[in-house]
Amino acid sequence: MSTVTDRLSEVAPSEDSRLGYLFWLSRPRFWLYQGGPVVVAVTYAADGPGELFSPLAVALFLYFTIPANVFLYGVNDVFDRDVDEHNPKKDEGREVSYRGDSVVVAAIVGSGLLAAAFLPWLPTLGVVALLAWAALSVEYSAPPLRFKTTPFLDSLSNGLYILPGVVAYAAIEGVAPPASAVAGAWLWTMGMHTFSAIPDIEPDREAGIQTTATFLGESNTYYYCVMCWLTAAFVFTYTHWVFGALLLVYPGLVFGILAVGVDIDEAYWWYPAINSLVGMVFTLVGLWVMLYG
Numbered sequence: 003m004s005t006v007t008d009r010l011s012e013v014a015p016s017e018d019s020r021l022g023y024l025f026w027l028s029r030p031r032f033w034l035y036q037g038g039p040v041v042v043a044v045t046y047a048a049d050g051p052g053e054l055f056s057p058l059a060v061a062l063f064l065y066f067t068i069p070a071n072v073f074l075y076g077v078n079d080v081f082d083r084d085v086d087e088h089n090p091k092k093d094e095g096r097e098v099s100y101r102g103d104s105v106v107v108a109a110i111v112g113s114g115l116l117a118a119a120f121l122p123w124l125p126t127l128g129v130v131a132l133l134a135w136a137a138l139s140v141e142y143s144a145p146p147l148r149f150k151t152t153p154f155l156d157s158l159s160n161g162l163y164i165l166p167g168v169v170a171y172a173a174i175e176g177v178a179p180p181a182s183a184v185a186g187a188w189l190w191t192m193g194m195h196t197f198s199a200i201p202d203i204e205p206d207r208e209a210g211i212q213t214t215a216t217f218l219g220e221s222n223t224y225y226y227c228v229m230c231w232l233t234a235a236f237v238f239t240y241t242h243w244v245f246g247a248l249l250l251v252y253p254g255l256v257f258g259i260l261a262v263g264v265d266i267d268e269a270y271w272w273y274p275a276i277n278s279l280v281g282m283v284f285t286l287v288g289l290w291v292m293l294y295g
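Read left to right, the sequence shown gives residues 3 to 295 (our numbering).
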């Protein structure tokens with residue numbers, strides 16, 4: 003992973019500039035965590051290849067790939083500036099640290115407000131999903147709710163990552179996506195969020211932060227993630243058994259990591275690539291159904 007980071011650093015703007023800082027603040031490794039659900043949702047909502055690249059679909063993908071990540075992770079960094087003093091991800095240079103720049107704060111706020119441009123083009127469900135995404139993106143990190151400091155609510159609130167997909171599906175199809183798909187994806191995000199919190203258990207405890215992972219401890223957190231992912235796989239079978247089978251990759255990986263003894267601090271950085279591959283399979287299945295089903 004350090005090789006990928008080094009190569010990206012060679013071509014990306016330096017964090018010393020404001021533009022470069024915003025680029026790195028947006029967590030390029032995680033761009034598809036919000037943009038990816040838009041791709042999957044549009045694939046299944048579209049009635050034909052033409053709708054895949056409709057102006058609204060393209061605009062939603064572009065927004066949720068970069069500006070939405072500036073907003074989400076920017077809010078996180080602003081309200082976590084004290085906690086991040088204990089975070090090894092910042093010390094190791096894998097993520098930038100907030101530096102109190104008013105122009106950067108304006109860019110973060112502007113990135114969030116930019117979402118309002120979609121409101122006139124969305125059906126009621128899409129508007130509700132977009133507003134829910136914005137609210138959770140703020141309140142995950144910001145007071146008064148600051149979900150990230152409350153065990154289990156931190157996990158539950160991370161369903162915000164699949165709401166871009168709900169917005170996109172509603173925008174293209176005009177109706178809600180299958181409830182089983184939304185519920186299964188929400189459960190998947192709960193497991194993914196909590197798994198990603200395992201490397202932060204000790205830093206969070208040092209900072210006095212309570213999370214699902216600090217509450218359960220490392221061993222029990224693995225079981226919690228497996229439970230979330232197995233339940234997600236089961237729920238997804240109500241959409242189609244193929245989706246449920248695909249989700250079994252995640253509990254399988256947990257058992258593999260534990261069996262081989264891979265350091266969780268290293269395994270965590272595999273998941274952007276793993277999640278992208280799984281999302282690609284979801285998308286390819288949807289394209290196959292569209293073209294040949």
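Note that beta-carbon positions come from the ideal geometry of N, C-alpha and C, so glycine has one too.
Nothing here was measured: the structure is a model prediction, and the numbers come from that model.
Per DSSP, the continuous alpha helix (DSSP H) segment holding Ala269 begins and ends at Ile266 to Ala269. When the Cα atoms are used, Phe197 and Gln36 turn out to be separated by approximately 18 Å.
Only residues of its own chain outside the window of five on either side were considered, and among them Ile68, Asn71, Val72 and Tyr75 have a CB closer than 7 Å to the CB of Ser28, listed in chain order.
Going by beta carbons, Leu138 and Leu162 fall inside the 8 Å limit. Scanning Phe149, Ala61, Leu289 and Thr233 for the CA closest to the CA of Trp123 turns up Ala61. Within the same chain, and ignoring the five residues on either side of Trp33 in sequence, the residues whose Cβ sits closer than 8 Å to its Cβ are Thr67, Ile68 and Asn71. If you draw a straight line from the Cα of Ala181 to the Cα of Tyr240, it is about 9 Å long. Judged by pairs of C-beta atoms under 8 Å, the stretch 285-292 touches the stretch 35-50, as three or more such pairs exist. With fewer than 16 other Cβ atoms from the protein chains shown falling within 10 Å of its own Cβ, Asn222 counts as exposed.
Counting C-beta atoms within 10 angstroms of its own C-beta, Asp206 has 16 or more neighbours from the protein chains shown and is therefore classed as buried. Closest in alpha carbon position to Val237, among Val41, Ala187, Ile164 and Ser159, is Ala187. Going by C-alpha positions, Tyr252 is about 21 Å away from Thr213. DSSP places Asp82 in the coil class of the three-state scheme, outside both helix and strand.
By the neighbour-count criterion, in which a residue is buried when 16 or more other Cβ atoms sit within 10 angstroms of its Cβ, Glu220 is exposed. The three-state secondary structure of Gln36, taken from DSSP, is helix. Measuring C-alpha to C-alpha distances from Pro166 to each of Ala178, Trp231 and His195 identifies Ala178 as the nearest.
The C-alpha of Leu293 is placed about 47 Å away from the C-alpha of Pro145. Per DSSP, the unbroken alpha helix (DSSP H) holding Glu220 starts and ends at Glu220 to Phe238. Nearest Cα to Leu158 within the set Gly176, Ala185, Val168 and Ala173: Ala185.
When rounded, the separation of the alpha-carbon atoms in His195 and Tyr142 is 12 Å.
Within the same chain, Cβ atoms closer than 6 Å to the Cβ of Gly38 are found at Gly281, the five residues on either side in sequence being excluded. Exclusion of the five residues before and after Asp267 leaves Pro201 as the residues of its chain whose Cβ lies within less than 7 Å of its Cβ. With 16 or more neighbouring CB atoms inside 10 Å of its own CB, Phe25 falls in the buried class.
The beta carbon of Thr191 sits closer than 7 Å to those of Asn160, Gly161, Tyr163 and Ile164, all from its chain and outside the five residues before and after it, given in chain order. Our two residues, Glu17 and Ala109, have alpha carbons roughly 15 Å apart in a direct line. Phe25 carries a helical assignment under DSSP once its states are collapsed to helix, strand and coil.
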